[in-house]
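Notes for the one structure printed next.
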Amino acid sequence: MKKDELYKFQQALYEVGNSLTSTEQELVFNERIIPFYSGKAESISLADLAEVIGIPLVQVAAIESQIHDKIKELVRQETLTPQEVGVEPALTKLVKFKLKSDGYSSAWGGSSRFLDISCGACGQELFMYQKDAPGNLFKFFVPRIVAPPEMIEKVRNLGGKALTCPNPQCNTLLAMPTTIVGDDRLAMRIVGPVRNKLNQKGLYPVPIEIT
Ligand SMILES: [Zn+2]
13 MKKDELYKFQ
23 QALYEVGNSL
33 TSTEQELVFN
43 ERIIPFYSGK
53 AESISLADLA
63 EVIGIPLVQV
73 AAIESQIHDK
83 IKELVRQETL
93 TPQEVGVEPA
103 LTKLVKFKLK
113 SDGYSSAWGG
123 SSRFLDISCG
133 ACGQELFMYQ
143 KDAPGNLFKF
153 FVPRIVAPPE
163 MIEKVRNLGG
173 KALTCPNPQC
183 NTLLAMPTTI
193 VGDDRLAMRI
203 VGPVRNKLNQ
213 KGLYPVPIEI
223 T
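Under my numbering, the first residue of the sequence shown carries the number 13, and numbering increases by one thereafter.
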């Protein structure tokens, strides 16, 4: 994003929050909400955010939705292109997911949790995954990829081909299709550098739809 565009963008965001004190603005815009949109912040729920900055949850939620609308408006007006805001992976919204509980979770030991999966070669975030079995991650079941939607699509449509890192500069081989005895779901065996990190809150950034 060019310097003057960045400035315009920041101005728009500050306008949204001018009902707050300057200290609250600093916290909300510099450290919390804005980094969400640029994909740099650690996962935090709106409730946690409200607690941290000490303003009511309804107010935080209202600001967040105003910013969301403002960004959509700017993109629609072509003041900013999605690329300038840094849409991939930047124009995102944190969504809280719930663990699925079904026959597969109990069959695999019922120790279900979410893992953030990334490429171990370049660090590119890949997806959030629900792991039901205890122990290390050696394989994954495609229907248990929770988010983001484009990775769900991508992995579903591999059609028997290997999964490589979506970062074009990396493209490292990560997983191969496999079959698991006693489980009919589409599965992938990890054959490359794949990192996983426990995601306790089930929060994951998904793209905002620009309408
Ligand atoms: Zn990679």
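Each residue gets a CB set at the ideal place from its N, CA and C atoms; glycine is no exception.
Does the beta-carbon of residue i, which I'm using as the reference point, lie nearer than 7 Å to any heavy atom of ligand 1?
| i | result |
| --- | --- |
| alanine 187 | no |
| threonine 190 | no |
| asparagine 179 | yes |
| alanine 133 | yes |
| glutamine 142 | no |
| glutamine 136 | yes |
Where does residue i sit, in a helix, a strand or coil, going by DSSP?
| i | result |
| --- | --- |
| leucine 69 | helix |
| lysine 166 | helix |
| alanine 133 | coil |
| proline 161 | helix |
| serine 55 | With a pLDDT of only 43 at serine 55, under the threshold of 50, the placement of this residue in the model should not be trusted, and no figure is reported. |
| serine 117 | helix |
Could you tell me if residue i is buried or exposed, where buried requires 16 or more neighbouring beta carbons within 10 angstroms of its beta carbon?
| i | result |
| --- | --- |
| glutamine 142 | buried |
| asparagine 183 | exposed |
| leucine 210 | exposed |
| lysine 52 | Caution applies to lysine 52, whose pLDDT of 38 falls short of 50 and renders its modelled position unreliable; the value that the coordinates give is listed next. With fewer than 16 Cβ atoms within 10 Å of its Cβ, lysine 52 is classed as exposed. |
| valine 167 | buried |
| asparagine 208 | buried |
| leucine 138 | buried |
| serine 113 | exposed |
| lysine 213 | exposed |
| phenylalanine 152 | buried |
| proline 156 | Checking the displayed sequence, the identity of residue 156 turns out to be arginine instead of proline. When all chains shown are included, arginine 156 counts as buried. |
| leucine 127 | buried |
| glutamine 124 | Looking at the sequence shown, residue 124 is not glutamine but serine. Buried: at least 16 other Cβ atoms inside 10 Å. |
| leucine 175 | buried |
Who are residue i's beta bridge partners in DSSP?
| i | result |
| --- | --- |
| alanine 199 | Phe153 and Thr190 |
| lysine 108 | Leu215 |
| threonine 176 | Leu185 |
| asparagine 208 | Ile129 |
| tyrosine 141 | Leu127 and Ile157 |
Write down the C-beta distance between residue i and residue j rounded to the nearest angstrom, noting that I regard them as a contact closer than 8 Å.
| i | j | result |
| --- | --- | --- |
| proline 205 | alanine 133 | 5 Å |
| leucine 186 | cysteine 177 | 6 Å |
| tyrosine 216 | valine 158 | 7 Å |
| glycine 121 | alanine 145 | 5 Å |
| isoleucine 202 | leucine 149 | 7 Å |
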